[in-house]
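As structure tokens, the structure follows; a few thoughts come after it.
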Amino acid sequence: METAFARGFPTVWERIEHTIAGPTQVDETQRVCSGFKGQNPPRDGLSRGGSPGPGRARWTGEQGDEMTLVAACRDVLQVISAEEGSKYDENLGPVIEEAGDLSQPLGEIWTDELPAYQQMEYEHRTVVHDDEYVSDDGVHTNQVECLWSLVQPWLAKFRGLSKQGLEQAARTFGLLRSLNLVQAPIHSLVDCVAVNVFR
Numbered sequence: 009m010e011t012a013f014a015r016g017f018p019t020v021w022e023r024i025e026h027t028i029a030g031p032t033q034v035d036e037t038q039r040v041c042s043g044f045k046g047q048n049p050p051r052d053g054l055s056r057g058g059s060p061g062p063g064r065a066r067w068t069g070e071q072g073d074e075m076t077l078v079a080a081c082r083d084v085l086q087v088i089s090a091e092e093g094s095k096y097d098e099n100l101g102p103v104i105e106e107a108g109d110l111s112q113p114l115g116e117i118w119t120d121e122l123p124a125y126q127q128m129e130y131e132h133r134t135v136v137h138d139d140e141y142v143s144d145d146g147v148h149t150n151q152v153e154c155l156w157s158l159v160q161p162w163l164a165k166f167r168g169l170s171k172q173g174l175e176q177a178a179r180t181f182g183l184l185r186s187l188n189l190v191q192a193p194i195h196s197l198v199d200c201v202a203v204n205v206f207r
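In this text, residue positions in the sequence shown follow the working numbering: the first is 9, and each later residue adds one.
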């Protein structure tokens, strides 16, 4: 399903009336513990069995590793991914590029002062959160930070997620929220799957 959404969504998005305007905001959450259902931080417990394999997710860390949720927002579009660290080339860059693939050219990007962001090759403006939340010229990441208050209740419904499940759940949330905000009909979700199948 994740693959179908990822491959079908760009095509479906083009069919829907939507407005994407303004700069792209990029930010990260605090780290989230993976692999221990309902326990954060984890606690020792009995093994419940199951396959020790890594599954089909892109996550390469060990059970119990901490992950960072990264999001890029542009008006109504949110793309969320779980990453192991904060290196731009390996972690942050692909998230930003994916946001560009799913919308229009990203244009200007707003971030906080995280050093990893300084490596991006986009028109880039920064707000220093140690000094202010909105710069004198209006740069902020408030929109994407507001997204975290919506993501956390969504993730809480699962009562803890495995390392394979967190990224899939977060990315599905981003997809559904994007379609909901533009009031896309439910058959748009079916189209996402159908586009992948008929390819």
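We put the CB at the ideal spot given by N, CA and C, even for glycine.
Within 7 Å, strictly: CB atoms of residue i and residue j
| i | j | result |
| --- | --- | --- |
| Ala79 | Leu155 | yes |
| Ser196 | Val20 | yes |
| Thr76 | Glu129 | no |
| Thr134 | Glu121 | yes |
Own chain residues within Cβ distance below 6 Å of residue i, not counting five before or after
| i | result |
| --- | --- |
| Ala29 | Asp83 |
| Trp162 | Phe181 |
| Gln127 | Tyr96 |
Simplified DSSP state of residue i, which is helix, strand or coil
| i | result |
| --- | --- |
| Leu122 | coil |
| Gln191 | coil |
| Ala80 | strand |
| Gly16 | helix |
| Ile88 | strand |
| Thr149 | coil |
| Asp35 | strand |
| Ile104 | helix |
| Thr180 | helix |
Reference residue i, options the options, closest by Cα
| i | options | result |
| --- | --- | --- |
| Glu92 | Leu183, Gln191, Leu174 | Leu174 |
| Thr119 | Pro102, Cys81, Thr149 | Thr149 |
| Glu22 | Glu140, Asp139, Leu85, Ile104 | Leu85 |
| Cys81 | Pro123, Ser89, Val34 | Val34 |
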